[in-house]
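Colleague: Protein chains in written order, with our numbering: chain A, 47 to 469; chain B, 47 to 469. I am attaching a structure below and will ask some questions about it afterwards.
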């Protein structure tokens, strides 16, 4: 069964908002066995919305739209859909009552704009939204389904999981899609492709391999589509097991595992703890760990030692070392890691110090020069990274590499080469 | 002049990657006066790529594609385009030489996969890519332009800015588009709409207003399209100046200004400094400040005090206070802020402590309960936030609200009400 996703909003076409909804919806539909064949974005123009919806309905069984259901004048999706499906607007009593209650609970006046949120096309079935004032709307025509969802991500997510996917399962008989994805970190794409070429060539023809390079490593996805027999999932597992033997230290995990979640799992399982001392990553490395629920099981905290005085006063880095080697040096990275290990009493401590850019580079230490270190009770390991010119990318890559160094130490291979970047 | 953007890759249709390229390209094209009328995403299937490109070329003057130019077998965009434009593949000597040099400099072997990156359709003009092995490709047909760019964001960005936009300016005569966007923070969308209704109704008809709600506040955009006379830009400025008088404390700034960049500007201008003590935001608040270049001008650093022992030992929070009021309390938030102010000697210090979820809630302090505080030499201010159930959203909103509290103090209005969320 095929689906198309349409995102509605001028804000996307002028690039003020990144569309994260489509990826999330696509992932959930794929999990449910629905094959997403395309996504499209259109502006708030009624004609553009109508044309995109008609085109999508002509080419897919299910169309999901997000956006354009807000209380303000620029949101016109539901009027367009009422016209397309040939019905008028009515006030939905349940939505009206729910919205009045919800706003009262939050101390917000129930004004005309809020009240208009309860007006919906008569020919749709409203999907109750407990997190916002715009209900989802389920339309059917000629065996096909169109669902309009609000654009606010957590409202959309709730409605998709609780209302849309269960209804789609009832409405269609859904065929099988299997995806499994391996996360690798520390090997260049061309090197990886060469290293695994023989394995790739020997894959059964019904297994489809894709490379997904990204800032947090290259992921390898094996997929099957349609009816390929009951053994497909087991075969995917067997193939990945073979691949693990070819590139053992580069395999981080499966299906969304990241370097930081892999480290989190190992530390939690061992009952050990982690602390972080960050200079150039400025909080981003800690945030990677604390973004995952359960972080308090192993993550004690850390110090963002942006200013040199914080490095010396809080972490105990020797100011003579900074004077002699510079704040961006192996010596300072190692003292930062050892310092936060001492300060927090953690079992492992990760540090970063570097020049994220765009300013601050010198001929000897250009922008992108980063030292990372990991200290533990038996010693300290450090690496020099030579990254690029872009600040956000340098912060992201340095964070991922620093977390990966702790992963390599945890798996007992602290000296495995690590390449960070996309080449 | 109209443009369409096409993103190519199965990884997007199964939701494994969020397409950030389209928003970035759309923003740059809009700045250049090119009106983006739609975006589409297709998989790596040759037929789907060809159909999407043909459809886009039929409806727009310019089509930009990203993705599908990698060295691996699943990337087939350039073969599809060669077939569509009716030419064969040739090795581009300049790309070949550049890639060989680039890989040698990074110590990567130049293998067959890398060499294949220099093969390009004979009918395109290659756009040299100094950051990766896939060149951009510029095609022309019937006065229209198609540009194929690699999907790796920083390679794509470089090529768009350095090659594509300058060439488009030469190739087309580009009409005027004006956008200006005000960032607001701390007011609910329905309340905002009601408060500014009279101002909105009185806008000149050629000014188009849009509400852009997001986790970091609601932005208001005024746009003009086409030829509207030379005074349009001034009128946009005048209208926003009027609006500032209606909602003064909620206006953060313009055109991408965020709460943290506004705080950064004020502190830098005053020569004052900031430090941060984070519990539930776990580094995300620091990362917001350090993501901006120039952070070292005012940002000293901070402590991620995830574990209570870090709160007491490093920040000097009284353990009896934690015992009596709990780690998530006004008292602990205020002591954390005061503690990091003392520790770093900063002029201002922000703190957060809360229950991000999904676990850790109690009937008295459910998930989403967060205390934030800001300390400075003249005292400390704190607020209770009542957020939602979602961990990532709670971290994001608590970080934005905490930064906004420091903004309100910096503008001298520490007691202005603040609502965080989308209702």
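Glycine is no exception: its CB is placed at the ideal position from the N, C-alpha and C atoms.
Between B:462, B:388 and B:261, which has its C-alpha nearest residue 296 of chain B's C-alpha?
Modeller: Among B:462, B:388 and B:261, the Cα nearest to that of residue 296 of chain B is on B:462.
Colleague: Do residue 449 of chain B and residue 349 of chain B have their C-beta atoms within less than 8 Å of each other?
Modeller: Not closer than 8 Å, so no.
Colleague: Which whole-angstrom value describes the C-beta separation of residue 167 of chain A and residue 195 of chain A, a residue pair presumed to lie in contact below a C-beta threshold of 8 Å?
Modeller: 14 Å between Cβ atoms; not a contact.
Colleague: Against chain A, does residue 142 of chain B count as a neighbour if the rule is that its beta carbon must be under 8 Å from one of theirs?
Modeller: Closer than 8 Å: no.
Colleague: Report yes or no: do three or more beta-carbon pairs, one from the region 396-406 of chain A and one from the region 319-333 of chain A, lie closer than 8 Å?
Modeller: These segments touch.
Colleague: In chain B, which residues lie less than 7 Å from residue 66 of chain A when you measure between Cβ atoms?
Modeller: Correct list: 64.
Colleague: Suppose you measure from the CA of residue 367 of chain B to the CA of residue 391 of chain B; what does that come to, to the nearest Å?
Modeller: The straight-line gap from Cα to Cα measures roughly 23 Å.
Colleague: Kindly say whether residue 285 of chain A, judged by its beta-carbon, lies nearer than 8 Å to any beta-carbon of chain B.
Modeller: No, its Cβ sits nowhere closer than 8 Å to a Cβ of chain B.
Colleague: Strictly under 8 Å for the Cβ-Cβ distance: is residue 207 of chain A near chain B by that measure?
Modeller: No, residue 207 of chain A lies away from the interface with chain B (no Cβ there is under 8 Å from its Cβ).
Colleague: So what's residue 66 of chain B in DSSP terms, helix, strand or just coil?
Modeller: The answer is coil: DSSP assigns residue 66 of chain B none of H, G, I, E or B.
Colleague: Is it the case that the Cβ atoms of residue 224 of chain A and residue 270 of chain A are separated by a distance below 8 Å?
Modeller: Yes. Within cutoff.
Colleague: Restricting to Cα atoms, I'd like to know which of A:347, A:276 and A:103 is closest to residue 388 of chain A.
Modeller: With distances taken between Cα atoms, residue 388 of chain A lies closest to A:347.
Colleague: Can you find a C-beta in chain B that's less than 8 Å from the C-beta of residue 423 of chain A?
Modeller: With 8 Å as the cut-off, residue 423 of chain A does not count as an interface residue toward chain B.
Colleague: Mapping DSSP to helix, strand and coil, what is residue 465 of chain A?
Modeller: Of the three classes helix, strand and coil, the one that applies to residue 465 of chain A here is coil, per DSSP.
Colleague: Looking only at DSSP bridge pairs, what is residue 172 of chain A linked to?
Modeller: Beta-bridge pairing links residue 172 of chain A to A:183.
Colleague: Does the region 235-252 of chain A come into contact with the region 276-289 of chain A, if we say contact requires no fewer than three beta-carbon pairs (one atom in each stretch) closer than 8 Å?
Modeller: The answer is yes - the region 276-289 of chain A touches the region 235-252 of chain A, with three or more Cβ pairs under 8 Å.
Colleague: Could you work out which residues of chain B lie near residue 438 of chain A, taking near to mean beta carbons separated by less than 8 Å?
Modeller: Chain B residues near residue 438 of chain A: 337.
Colleague: Please confirm whether residue 170 of chain A has its beta-carbon closer than 8 Å to some beta-carbon of chain B.
Modeller: Taking Cβ atoms only, chain B never reaches closer than 8 Å to residue 170 of chain A, which makes this a no.
Colleague: Have a look at B:440, B:236 and B:199 and flag the residue whose alpha-carbon is nearest the alpha-carbon of residue 160 of chain A.
Modeller: Selected option, being the one with the closest Cα: B:236.
Colleague: Tell me whether residue 316 of chain A is buried or exposed, calling it buried when 16 or more other Cβ atoms sit within 10 Å of its Cβ.
Modeller: By the 10 Å Cβ count, residue 316 of chain A comes out exposed.
Colleague: What is the rounded straight-line gap between the Cα of residue 162 of chain A and the Cα of residue 51 of chain B?
Modeller: Their backbone Cα atoms lie some 34 Å apart in a straight line.
Colleague: When DSSP labels each residue in this structure, what does residue 148 of chain B get in the three-state scheme?
Modeller: Note: residue 148 of chain B maps to helix in three-state DSSP.
Colleague: Do residue 211 of chain A and residue 263 of chain A have their CB atoms nearer than 8 Å?
Modeller: Not in contact: residue 211 of chain A and residue 263 of chain A (Cβ atoms no closer than 8 Å).
Colleague: Apart from the five residues on each side of it in sequence, which residues of its chain come closer than 8 Å, Cβ to Cβ, to residue 150 of chain A?
Modeller: Excluding sequence neighbours, residue 150 of chain A sits near 156.
Colleague: What residue does the alpha helix (DSSP H) around residue 217 of chain A start on, and which one ends it?
Modeller: Run containing residue 217 of chain A: 211-217, per the alpha helix (DSSP H) assignment.
Colleague: Does residue 235 of chain B get closer than 8 Å to chain A when you measure Cβ to Cβ?
Modeller: It does; some Cβ of chain A falls within 8 Å.
Colleague: Is the number of C-beta pairs between the region 69-82 of chain B and the region 252-267 of chain A that are closer than 8 Å three or more?
Modeller: With a cut-off of 8 Å, the region 252-267 of chain A and the region 69-82 of chain B do not count as touching, because too few Cβ pairs lie within range.
Colleague: Candidates A:443, A:362 and A:452: which alpha carbon is nearest residue 465 of chain A's?
Modeller: Considering only alpha carbons, the answer is A:443.
Colleague: What's the call for residue 457 of chain B, buried or exposed, on a 16-neighbour Cβ count within 10 Å?
Modeller: Classification of residue 457 of chain B: exposed, given that the 10 Å Cβ count is below 16.
Colleague: Between residue 179 of chain A and residue 112 of chain A, is the Cβ-Cβ spacing less than 8 Å?
Modeller: No. Outside cutoff.
Colleague: If we count Cβ pairs, one from each stretch, closer than 8 Å, do we get three or more for the region 89-97 of chain A versus the region 131-144 of chain A?
Modeller: The region 89-97 of chain A vs the region 131-144 of chain A: no contact.
Colleague: Which residue from B:153, B:215 and B:201 puts its Cα closest to that of residue 70 of chain B?
Modeller: If we check each option's Cα against that of residue 70 of chain B, B:201 comes out closest.
Colleague: What does residue 345 of chain B reach in chain A if we use C-beta pairs closer than 9 Å?
Modeller: Those are 328, 350, 352 and 353, listed as they occur along chain A.
Colleague: Residues of the region 253-268 of chain B with a CB closer than 9 Å to any CB of chain A: list them in chain order, please.
Modeller: Against chain A - using a Cβ distance shorter than 9 Å - the residues of the region 253-268 of chain B are 254, 255, 256, 257, 258, 259, 260, 261, 265 and 267.
Colleague: Say whether chain A places a C-beta atom closer than 8 Å to the C-beta of residue 293 of chain B.
Modeller: No, no contact with chain A.
Colleague: Start and end of the beta strand (DSSP E) containing residue 435 of chain A?
Modeller: Taken as a continuous stretch (DSSP letters only), residue 435 of chain A belongs to no beta strand (DSSP E), as it is neither H nor E.
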